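>
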């Protein structure tokens, strides 16, 4: 029951973040920034609550580690794509690989520009790496060239660590 409630809460916050991104063109810059900041604040509070719930309980810590990392990625804005955050939290490397393959296919077919999806591809590769998946040398090279500073900060945060000052840098910008 606890696990389901935590997953539901994360899903609600990610859906809220996704909705805000989808409405960006319809909102004033101030409304958009305010709503996004409110959601990021809720994610930070959720992270603290999750940290307190799992403190001292190793089985809960390992069960929710991917969720904690996904929340950390969202807060630090290392991952800007709610769907990538969602798949990362659910520990779904196969689905992440499918999404990466779809991006690659769409770029090759000329359906989308590489520049519009390169950050999302980098997010997926970092998520795969954090889930313990082995990256091909070409993927490592792509990641080295295309990851943002917030992605690098997130990648550097230890497995059990909290969001550090460097990772929160993106929130305060």
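In UniProt numbering, the protein residues as written are 1 to 173. Each residue gets a CB set at the ideal place from its N, CA and C atoms; glycine is no exception. In this text the structure is predicted, and so the values were computed from the model without any measurement.
Do residue 129 and residue 69 have their CB atoms nearer than 7 Å?
No.
> Between which residues of its own chain and residue 133 is the CB-CB distance below 6 Å, once the five residues before and five after are set aside?
Hits under 6 Å: 93.
> Going along the chain, which residues of its own chain have a beta-carbon closer than 7 Å to the beta-carbon of residue 42, five neighbours each way excluded?
Here the set comprises 13.
> For the alpha helix (DSSP H) that residue 110 lies in, which residues bound it at each end?
Segment: none, residue 110 is in no alpha helix (DSSP H) and carries neither H nor E.
> Which residues in the same chain as residue 36 place their Cβ atom closer than 6 Å to its Cβ, once the five residues preceding and following it in sequence are excluded?
The residues are 20.
> Identify, in the order they occur along the chain, each residue of the same chain with its Cβ nearer than 7 Å to the Cβ of residue 6, setting aside the five sequence neighbours on each side.
Taken in chain order, the residues that qualify are 50, 64 and 67.
> Should residue 101 be listed as close to the ligand SAH, given that the test is whether its C-beta is under 6 Å from any heavy atom?
For the structure depicted, the ligand SAH is absent and the ligand set is empty, with no information on it obtainable.
> Suppose the cutoff is 6 Å on Cβ atoms and the five residues either side in sequence are ignored; what does the same chain contact list for residue 86 look like?
Answer for residue 86: 14, listed in chain order.
> Taking one C-beta from the region 112-130 and one from the region 141-148 each time, how about it: are there three or more such pairs within less than 8 Å?
Segments in contact, yes.
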